[in-house]
Amino acid sequence: MKQAIFPWKADGLSGLGIKRDKDPVQKMVILLHGYRGDAESNTAFALKLFEACPHAVVLVPDGIEPIPPGDDPHHRQWWDLPESEFNGELCSFMPYYASRQKQRLMKQIGFGLQNTAALLNRFILNRLAEYSLSLSDCFLAGISQGGITAFEMTLFRKELHGSSDDFLGGLISIGSGILGADRLRDLTVPPIPVLLARGRRDEIFPKTVDYFSRSLLKEKQMPVVLTEADSVHFGLEHAVSDAVCGFIREHG
499 MKQAIFPWKA
509 DGLSGLGIKR
519 DKDPVQKMVI
529 LLHGYRGDAE
539 SNTAFALKLF
549 EACPHAVVLV
559 PDGIEPIPPG
569 DDPHHRQWWD
579 LPESEFNGEL
589 CSFMPYYASR
599 QKQRLMKQIG
609 FGLQNTAALL
619 NRFILNRLAE
629 YSLSLSDCFL
639 AGISQGGITA
649 FEMTLFRKEL
659 HGSSDDFLGG
669 LISIGSGILG
679 ADRLRDLTVP
689 PIPVLLARGR
699 RDEIFPKTVD
709 YFSRSLLKEK
719 QMPVVLTEAD
729 SVHFGLEHAV
739 SDAVCGFIRE
749 HG
């Protein structure tokens, strides 16, 4: 059976999906694109994820809002990102070490991030019900801003935690980090497998971000793998695609 790429609309979101024609769906992969992307611009990478798990449905939502001022429908974001002020290093230390200006920025971002995470988690649970799948059948991958969003969805909300024997099958962070990571200290998180994928020449998220994330997640007894590629930030997902696909095959 050949794969089919199809548009969809559900739960206030829209995007593209990939699945085999008429074949039963056994797994689900959710891909959250990066800042200034959309579902269409991430189709090539989504196809690579589908090849790693051909009995899956791969769903790529569009970011919930266009980026002003041009409001180009193909340049989207998951939450309002003050581009000139954001620095990836914000994800590599506890907020109380940041300047007051940066602390205010993180708090401002946090409101939009939490609302988006709630919306996306509801979307995931409804799609799992639609395809008669469990949480353990689902992988969540996020690129850059989508990765920050995926961390929020998985670590700081409980919708994807399920029960002691049914929780999210895997989390994949590509060139991203945990915003407000100090919140994790007092939380209980299931042992969700995590892949941290970074570029050695990433100009937005320095290596300290992934090392910091790995340390915190290991502290929470989450199985974590860190992979690196000789890549800058833009296009990193393609440079680490082999590692990402291998992670999905291993845990799927």
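Note that our numbering has the sequence shown beginning at 499, numbered continuously upward.
Ideal Cβ placement from N, Cα and C applies to all residues, glycine included.
Out of curiosity, what's the CA-to-CA distance linking residue i and residue j?
| i | j | result |
| --- | --- | --- |
| I672 | K520 | 31 Å |
| Y533 | V527 | 19 Å |
| Q575 | L530 | 10 Å |
| K605 | Y629 | 36 Å |
| T647 | G608 | 10 Å |
| L626 | D578 | 28 Å |
| R655 | A616 | 8 Å |
| I641 | A544 | 12 Å |
| F710 | G733 | 23 Å |
| L685 | Q599 | 26 Å |
| F504 | G610 | 28 Å |
| L714 | P691 | 14 Å |
| S729 | D740 | 14 Å |
| C636 | A679 | 24 Å |
| S674 | A508 | 26 Å |
| H749 | Q524 | 13 Å |
| A542 | E735 | 10 Å |
| H659 | E549 | 27 Å |
| F516 | C743 | What sits at residue 516 in the sequence shown is Ile, not Phe. Spanning the two alpha carbons is a distance of roughly 15 Å. |
| I702 | G645 | 13 Å |
| K718 | L694 | 15 Å |
| E726 | F745 | 14 Å |
| S634 | S661 | 10 Å |
| L666 | R681 | 20 Å |
| R683 | L653 | 11 Å |
| F669 | A639 | Note on residue identity: the sequence assigns Leu, not Phe, to residue 669. Cα-Cα distance, rounded: 6 Å. |
| N540 | R699 | 21 Å |
| G510 | A596 | 35 Å |
| E563 | D569 | 8 Å |
| M720 | P522 | 31 Å |
By Cβ distance, which residues of its chain are closer than 6 Å to residue i, with the 5 residues on each side in sequence left out?
| i | result |
| --- | --- |
| L618 | M651 |
| H572 | D536 |
| S632 | D664 |
| L603 | E583 |
| V722 | V692, R712, L715, K716 |
| L547 | V527, V556 |
| R747 | A550 |
| I676 | C589, F649, S711 |
Need the endpoints of the beta strand (DSSP E) that residue i sits in, please.
| i | result |
| --- | --- |
| C449 | With the chain covering only 499 through 750, there is no way to say anything about residue 449. |
| Q501 | 501-508 |
| L511 | 511-518 |
| I565 | 563-565 |
| V527 | 525-530 |
Among the residues of its own chain, which have a CB less than 7 Å from the CB of residue i, if the five just before and after it don't count?
| i | result |
| --- | --- |
| G513 | W506, A537, L557, V558, P559, D560 |
| L623 | E657 |
| P567 | none |
| G697 | G673, A727, S729, V730, H731, L734, A737 |
| Q643 | G532, Y533, Q575, W576, L579 |
What is the residue span of the alpha helix (DSSP H) that residue i lies within?
| i | result |
| --- | --- |
| E538 | Neither: E538 is in no alpha helix (DSSP H) and is coded neither H nor E. |
| D740 | 739-749 |
Can you name, in chain order, every residue of its own chain whose Cβ lies under 8 Å from the Cβ of residue i, other than the five neighbours on each side?
| i | result |
| --- | --- |
| R518 | M499, K500, Q501, A502, P552, H553 |
| Q601 | P593, Y594 |
Quick check on residue i - is its C-beta less than 8 Å from some C-beta in chain C?
| i | result |
| --- | --- |
| Q612 | Protein chain content of the structure displayed is limited to a single chain, and chain C is not contained in it. |
When every heavy atom of the ligand MN is checked, does at least one fall within less than 7 Å of the C-beta of residue i?
| i | result |
| --- | --- |
| R747 | In the structure shown, the ligand MN is absent, as is every other ligand, since no ligand is present at all. |
Original post:
Where are the alpha helix (DSSP H) runs, 4 residues long or more, that stay fully inside the region 699-727, in chain order?
Top reply: 705-717
Original post:
Is the region 584-594 touching the region 702-719 in the sense that three or more CB pairs, one from each, lie closer than 8 Å?
Top reply: yes
Subject >> Ordered list of beta strand (DSSP E) runs contained in the region 555-606, each at least 3 residues >> reply: Entirely contained in the region 555-606, the beta strand (DSSP E) runs reaching 3 residues are, in chain order, 563-565, 570-575.
Subject >> Segments assigned alpha helix (DSSP H), at least 4 residues, entirely inside the region 619-693 >> reply: The region 619-693 contains these whole alpha helix (DSSP H) runs: 643-653.
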